[in-house]
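**Q**
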């Protein structure tokens with residue numbers, strides 16, 4: 003991802019395995035409010051930070067909910083029963099050496 007000098011547009015260069023995509027977001031009004039300084043070689047962004055940046059927000063000033071929270075098995079199911087014990091069994095699916103789907 004990169005921006006122009008005036009910071010009125012963002013460009014994302016993405017490779018999806020079949021080819022490249024170049025996505026351009028040009029802001030209708032104003033300039034990009036946040037961009038990392040040039041001192042660092044790169045800056046990692048989480049998907050939620052990219053979403054805020056594309057809406058011309060400041061990803062480092064946002065308040066985020068935790069990415070996960072621990073689940074307690076006793077509170078997840080009534081009467082302390084385990085959902086895994088009563089759930090039907092579905093065979094795991096994976097790909098074989100040729101990249102085709104196979105079931106266990």
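In this note's numbering, the protein residues as written are 3 to 106. Ideal placement from N, C-alpha and C gives every residue a C-beta, glycine not left out.
Return the CA-CA distance between residue 53 and residue 74, expressed in angstroms with no decimal places.
**A** Each residue's alpha carbon lies about 31 Å from the other.
**Q** Figure out for me which residue from 20, 49, 56 has the closest Cα to the Cα of residue 5.
**A** That would be 56, whose Cα lies nearest to the Cα of residue 5.
**Q** Should residue 12 go down as buried or exposed, given a rule of 16 or more other Cβ atoms within 10 Å for buried?
**A** So residue 12 counts as buried.
**Q** Give a yes or no on whether the C-beta atoms belonging to residue 9 and residue 33 are separated by under 7 Å.
**A** Yes, the pair counts as a contact, with Cβ atoms nearer than the cut-off.
**Q** Using only the heavy atoms of the ligand MN, determine whether one of them is closer than 6 Å to the beta carbon of residue 6.
**A** Absence of the ligand MN is noted for the structure shown, with no ligands found whatsoever.
**Q** DSSP three-state label for residue 50, please.
**A** If DSSP states are grouped into helix, strand and coil, residue 50 belongs with the helices.
**Q** Find the nearest neighbour of residue 59 within the set 50, 21, 35, 70, judged by alpha-carbon distance.
**A** Here the closest residue by C-alpha is 35.
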